[in-house]
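In the working numbering, the protein residues as written are 89 to 379.
Everything on this sheet refers to the single structure shown next.
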């Protein structure tokens, strides 16, 4: 079985646990990566049997790694302490065959056996966001340029196209993962003059718009509007001349920070003027309840 765990802390120090016979830290067990727990809220009513469901939220995840080592006790203890500093953040990477998932954590504690030929180390990690994620973003281009070749490339024909312009005002993203409300990153780049760009989500009947008739937002060639909708990351930015600034004050009153829901997600982009001068991409990472 090809399985390993890598933990990397805020200082880019990383440590590996695996089932390989020659592993520096042999993985005995890893609890908390296959299970999920929810807080279910109900209310009881007088003279009514049972209760009424109010809602539920997924609890934080507690990952507990148990590993052993059988030599170089002092140096390996020091490396464990260096890798898992108290209260420090890090990223947990899970590899199994061709699959890879990751999740952010904070160190809760570490316990290491004092004596013995094979000494155990138990590391407890708290993940406030309980969902695992893909290792890299998925990028969907609604409007932009798609390259026609890659380097190294041999030019064999005259007038060979470097790229093809893509312009799909409507795009569907299918979320078949077990998680709902997945944050996205939207990039709107102006190739010419654009006013009040907007993105619609058809299934939810919501939108997010930068600028209004009374308070217009004008983009010049090279300007990029960046919208992030993840948990604790709900903002709109303008990237102009290499500098980034928040522009949340330009959001119209009915704007909502769009997230992917389970199933179909149909997006439409538009603008008060200059819609043909927009490059639009959407980036996201699916979230998973376990590995």
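Glycine is no exception: its CB is placed at the ideal position from the N, C-alpha and C atoms.
Everything numeric in this text was worked out from a predicted model, so none of it was measured.
- Distance check between residue 156 and each of 180, 119, 172 and 105 places 105 closest, using alpha-carbon atoms only.
- Membership of residue 157 in the beta strand (DSSP E) is indicated by the continuous run 149-157.
- Runs of beta strand (DSSP E) with 3 or more residues, each lying fully within the segment 162-192, are found at 177-184, listed in chain order.
- Per the DSSP secondary-structure output, residue 105 pairs in a beta bridge with 93.
- The beta carbon of residue 378 is closer than 8 Å to those of 121, 122, 123, 124 and 220 in its chain, skipping five residues each way along the sequence.
- Contact between residue 178 and residue 97 holds, with the beta-carbon distance rounding to 4 Å and staying under 8 Å.
- The beta-bridge partner set that DSSP reports for residue 324 consists of 315.
- Counting of Cβ neighbours within 10 angstroms places residue 266 among the exposed residues, the total staying below 16.
- For a cut-off of 8 Å, the C-beta gap from residue 298 to residue 338 is around 5 Å, short enough to register as a contact.
- Looking at the DSSP output, residue 303 sits in no beta bridge, so it has no partner there.
- The Cβ neighbour count for residue 282, taken over all protein chains shown within 10 Å, is at least 16; the residue is labelled buried.
- For residue 349 against residue 357, the beta-carbon gap comes to about 18 Å, at or over 8 Å, which does not count as contact.
- With contacts defined as CB atoms closer than 8 Å, residue 346 and residue 272 qualify as a contacting pair.
- The beta carbons of residue 180 and residue 188 sit about 11 Å from each other, so the pair does not count as a contact at 8 Å.
- Around the beta carbon of residue 307, 16 or more other beta carbons sit within 10 angstroms, so the residue counts as buried.
- Taking a contact as a CB-CB distance under 8 Å, the pair residue 311 and residue 278 counts as one, their CB atoms being some 5 Å apart.
- Residue 274 is positioned such that its CB atom lies closer than 8 Å to that of residue 287.
- One alpha carbon belongs to residue 363, the other to residue 263, and they sit about 27 Å apart.
- In the structure shown, the three-state DSSP call for residue 349 is coil.
- Residue burial is scored here from C-beta neighbours: residue 317 has at least 16 other C-beta atoms within 10 angstroms and is therefore classed as buried.
- For the pair residue 191 and residue 228, the Cα-to-Cα distance works out to about 23 Å.
- Contact annotation: residue 211 and residue 172 have beta-carbon atoms nearer than 8 Å.
- Considering only 327, 166, 230 and 285, the residue with the shortest C-alpha distance to residue 261 is 230.
- The beta carbons of residue 154 and residue 140 sit no closer together than 8 Å.
- Within a 10 Å sphere around the beta-carbon of residue 285 sit 16 or more other beta-carbons, which makes this residue buried.
- Apart from the 5 residues on each side of it in sequence, residue 142 sits with its Cβ closer than 7 Å to the Cβ of 129, 130 and 131 in its chain, given in chain order.
- Cβ contact annotation for residue 371 (same chain, cutoff 6 Å, sequence separation greater than five): 225, 227 and 273, in chain order.
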